[in-house]
Amino acid sequence: MTDESDGPTWPPMFSGMQEMSEQAMETQQEMLSQMMQAGAGGLDMNQLGAMSQTATFKTRVQSGGRISIPDAEREALDIEEGDIVQTVVIPVKRNRE
1 MTDESDGPTW PPMFSGMQEM SEQAMETQQE MLSQMMQAGA GGLDMNQLGA
51 MSQTATFKTR VQSGGRISIP DAEREALDIE EGDIVQTVVI PVKRNRE
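So the sequence shown is numbered by UniProt numbering: it starts at 1 and just counts up by one.
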């Protein structure tokens, strides 16, 4: 996780972007939880089980566009080198001069 106080921040019109993205994530997790509890109405429970293994974290984009998954998240999700993962990228803060 990165320190939110370092570097420039978003322009004022985007000041609520981070809060909105966190609210969206919470809503999605709640909906997934409700689907799991309701028996998922015909959906493959193995697929839903895989969907419930998610992590949300902040990371910096490194040279070449690389991002890193923190150790704790890799361990919790049993992710190893060479595994294929799916990502959703939501810019939180621009760190430009």
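For glycine and all other residues, C-beta sits at the position ideal for the given N, C-alpha and C.
Note that the coordinates shown come from a computational prediction; the quantities given were computed from them, not determined experimentally.
- Query: With a Cβ-Cβ cutoff of 8 angstroms, do residue 24 and residue 55 count as a contact?
  - Reply: On the sequence shown, residue 24 is found 24 positions in, with the first residue counted as 1. On the sequence shown, residue 55 is found 55 positions in, with the first residue counted as 1. Their beta carbons are not under 8 angstroms apart, which means residue 24 does not touch residue 55 by this criterion.
- Could you have a look at residue 2 and say whether DSSP puts it in helix, strand or coil? The count along the sequence shown starts at 1 and reaches residue 2 at position 2. Note that residue 2 has pLDDT 49, beneath the 50 cutoff, so the model's placement of it is unreliable and no number is given.
- Message: So, under 8 angstroms CB-CB, residue 90 and residue 21 are touching, yes? Tell me the CB distance rounded to an integer number of Å.
- Response: For the purposes of this step, residue 90 is taken as the residue at position 90 of the sequence shown. For the purposes of this step, residue 21 is taken as the residue at position 21 of the sequence shown. The pair is a contact, with the Cβ atoms about 5 angstroms apart (cut-off 8 angstroms).
- Under the three-state DSSP convention, the category residue 74 falls into: For the purposes of this step, residue 74 is identified with residue 74 of the sequence shown, where counting begins at 1. Three-state result, residue 74: helix.
- Would you mind giving the Cβ-Cβ distance between residue 18 and residue 92, rounded to the nearest angstrom? I have them listed as a contact below 8 angstroms. Within the sequence shown, the letter at position 18 stands for residue 18. Within the sequence shown, the letter at position 92 stands for residue 92. So it is a contact: roughly 5 angstroms between Cβ atoms.
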